[in-house]
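Trainee:
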Amino acid sequence: MTRNDSTRRRFLTTVGAGSAIAVAGCLGGDGSEDPDEGTEGGSDDGLPPAEDVDADRIARDPTDVPDPVTWNEPREHDITIETERVTAEIEPGVTFDFMTFGGQIPGPMVRVRQGDRVNLTFDVPDDMNMEMHNVDFHAVYGPGGGADATTIAPGDDPAEISFSAEYPGVFIYHCAVPNMDYHISSGMFGSILVEPKDGLPEVDHEFYLGQHEIYTDGKVGEEGHHGFDFDAMKREDPTYVVFNGQAYAFTGDGVGPMEAEVGETARVYFANGGPNLMSSWHPIGNVWSDFYRDGDLLSEPDKNIETAPVAPGTTAAGEMEFPVPGPVKIVDHALSRVVHKGALGVIDVQGEENPDVYDEDP
Ligand SMILES: [Cu+2]
């Protein structure tokens with residue numbers, strides 16, 4: 002049994018009738034099956050039943066962002082990152098064994114100022130799986146971005162490293178053991194934000210999203226417990242492409258949309274964990290009015306970018322204004338990933354209509 006129809010209905014509801022995007026037309030109004038579906042992945046014997054979950058949701062709250070830097074002198078930060086295995090739902094009825102930094106996806110955002118010192122403790126509890134783990138920060142000068150010195154096995158004493166945040170920007174961190182593609186695809190990535198000495202522009206909201214691919218041995222929407230499909234990963238043919246580990250998480254049918262008011266501004270930090278696919282990052286019904294390409298926070302941001310490439314292994318940032326109410330849908334504009342694989346999040350913008358800017362009934 003698949004849930005493709007309900008997934009499609011959810012997408013159509015979320016996108017809304019009359020949406021400017023044309024993909025709705027590709028779905029067919031009759032809910033008929035895509036002839037390609039049902040042939041990918043999975044075994045004829047079906048999946049084992051869904052397992053008990055360890056957490057209500059794998060998706061980190063996108064507002065779970067540390068406060069902006071307010072200090073003007075270098076500081077020291079003691080940070081602990083602990084790995085955690087979590088069985089959770091990718092979408093309702095579909096369970097999967099995730100590997101995480103801190104129990105949710107993406108891993109906790111680390112936020113410091115250029116020149117700050119970070120003392121990192123990295124711990125892999127012995128109830129983790131048999132695999133070694135480590136953490137490679139793209140914000141760190143040093144072997145493996147810290148990975149060489151943090152490689153430990155479950156139950157080992159925690160690893161400790163200390164580094165100076167020498168160069169500003171927003172960066173990814175990820176597990177970088179030899180089979181790192183498997184670990185990242187299971188959820189082991191997050192972001193570290195090194196604010197420039199002059200700080201960042203003030204905004205009303207900051208959101209934190211992480212895109213990644215999940216390669217399972219089931220079909221998309223197939224109820225039950227999905228195992229990991231290494232061959233699909235090697236073919237770079239994911240079952241799901243998701244934001245914060247969960248299909249359609251930040252929609253009305255998921256854990257709920259992100260929220261903003263007309264007249265406010267938002268900056269979205271967008272980590273593409275990959276491990277393999279470029280994201281074509283686009284806000285439907287809006288534009289990245291200031292776009293920090295590749296996470297570069299020193300150059301002047303690019304202006305009014307519609308669809309921005311975000312390479313795997315990158316955290317980019319985009320700022321938006323909200324002059325009119327209505328949903329802004331964040332997508333990977335490789336749209337089959339939106340329609341069929343889960344890459345959709347919504348910012349619900351509430352407030353007064355602004356017909357000077359947009360009038361839907363003139
Ligand atoms: Cu790992």
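So in our numbering, the last one in the sequence shown is 363, and the numbering has no gaps at all.
Backbone N, C-alpha and C define an ideal beta-carbon position, used for all residues, glycine too.
1. Can we count Met279 as close to ligand 1, meaning its CB is less than 8 Å from some heavy atom?
2. Measuring only the C-alpha atoms, how far is Pro326 from Ala261?
3. In angstroms with no decimal places, state the Cα-to-Cα distance between Arg268 and Thr96.
4. Measuring CA to CA, which of Thr217, Gly188, Asn355 is closest to Arg236?
5. Could you tell me which of Met259, Val329, Asp291, Thr315 sits nearest to Pro276, measuring between CA atoms?
6. For ligand 1, I want to know if Thr64 counts as a neighbour, meaning its beta carbon is within less than 8 Å of at least one of the ligand's heavy atoms.
7. Does Val178 come out as helix, strand or coil in the three-state DSSP assignment?
8. Count the other C-beta atoms from every protein chain shown that fall within 10 angstroms of the C-beta of Trp282, then say buried if there are 16 or more, exposed otherwise.
9. Hey, which unbroken runs of the alpha helix (DSSP H) at 4 residues or more fall wholly within the region 118–179?
10. If you draw a straight line from the alpha carbon of Ile285 to that of Ser163, how long is it in whole angstroms?
11. Return the CA-CA distance between Leu278 and Phe271, expressed in angstroms with no decimal places.
12. In whole angstroms, what separates the C-alpha of His227 from that of Gly147?
13. Of all residues in the structure, which have a C-beta closer than 5 Å to any heavy atom of ligand 1, taken in chain order?
14. Nearest by alpha-carbon distance to Asp238: which of Asp124, His213, Gly225 is it?
15. Where does the unbroken beta strand (DSSP E) through Lys342 begin, and where does it stop?
16. If you compare alpha carbons, which of Ala140, Pro67, Met100, Pro159 is closest to Glu167?
17. Please check the pair Asp55 and Val87, which I expect to be a contact at CB under 8 Å, by giving their CB distance rounded to whole angstroms.
18. Between the alpha carbons of Arg76 and Glu207, how many angstroms are there, rounded?
19. Can you tell me where the beta strand (DSSP E) holding Asp232 begins and where it ends?
20. May I ask you to report which of helix, strand or coil DSSP gives Tyr270?
Mentor: Looking at the atomic coordinates:
1. Indexing the sequence shown from 1 puts residue 279 at position 278. For ligand 1, not one heavy atom lies less than 8 Å from the Cβ of Met279.
2. As a first step, residue 326 must be located in the sequence shown, where it is residue number 325. As a first step, residue 261 must be located in the sequence shown, where it is residue number 260. Roughly 9 Å separates the two Cα atoms.
3. Taking the sequence shown and counting its residues from 1, one reaches residue 268 at position 267. Taking the sequence shown and counting its residues from 1, one reaches residue 96 at position 95. Cα-Cα distance, rounded: 31 Å.
4. To locate residue 236, count along the sequence shown from 1; it is residue 235. The shortest Cα separation from Arg236 among Thr217, Gly188, Asn355 belongs to Thr217.
5. For the purposes of this step, residue 276 is taken as the residue at position 275 of the sequence shown. Checking every option, the nearest Cα to that of Pro276 belongs to Thr315.
6. As a position in the sequence shown, residue 64 is number 63, starting the count at 1. Outside the cutoff, so no.
7. Along the sequence shown, read from residue 1 onward, the residue named residue 178 stands at position 177. Coil at Val178, not helix or strand.
8. Along the sequence shown, one-based indexing puts residue 282 at 281. By the 10 Å Cβ count, Trp282 comes out buried.
9. 148–151
10. Counting from one through the sequence shown, the residue named residue 285 turns up at place 284. Counting from one through the sequence shown, the residue named residue 163 turns up at place 162. So the alpha carbons of these two residues sit roughly 41 Å apart.
11. By 1-based counting over the sequence shown, the position of residue 278 is 277. By 1-based counting over the sequence shown, the position of residue 271 is 270. Their Cα atoms are separated by approximately 14 Å.
12. As a working mapping, residue 227 is identified with position 226 in the sequence shown. As a working mapping, residue 147 is identified with position 146 in the sequence shown. Looking at the two C-alpha atoms, the distance is approximately 32 Å.
13. His134, Cys176, His184, Met189
14. Here residue 238 is taken as the residue at index 237 of the sequence shown, counted from 1. For Asp238, the nearest C-alpha among the options comes from His213.
15. Sequence index remark: in the sequence shown, residue 342 carries index 341 (1-based). Neither: Lys342 is in no beta strand (DSSP E) and is coded neither H nor E.
16. The residue you call residue 167 lines up with position 166 of the sequence shown. Ranking the options by Cα distance to Glu167, first place goes to Ala140.
17. For the purposes of this step, residue 55 is identified with residue 54 of the sequence shown, where counting begins at 1. For the purposes of this step, residue 87 is identified with residue 86 of the sequence shown, where counting begins at 1. With a Cβ gap of about 5 Å, Asp55 and Val87 count as contacting.
18. Reading the sequence shown from its first residue, position 75 is the one you call residue 76. Reading the sequence shown from its first residue, position 206 is the one you call residue 207. If you take the alpha carbons of Arg76 and Glu207, they lie about 23 Å apart.
19. On the sequence shown, residue 232 is found 231 positions in, with the first residue counted as 1. Asp232 -> not in any beta strand (DSSP E); alpha helix (DSSP H) instead, spanning 231–235.
20. Indexing the sequence shown from 1 puts residue 270 at position 269. In this structure, Tyr270 counts as strand in the three-state DSSP scheme.
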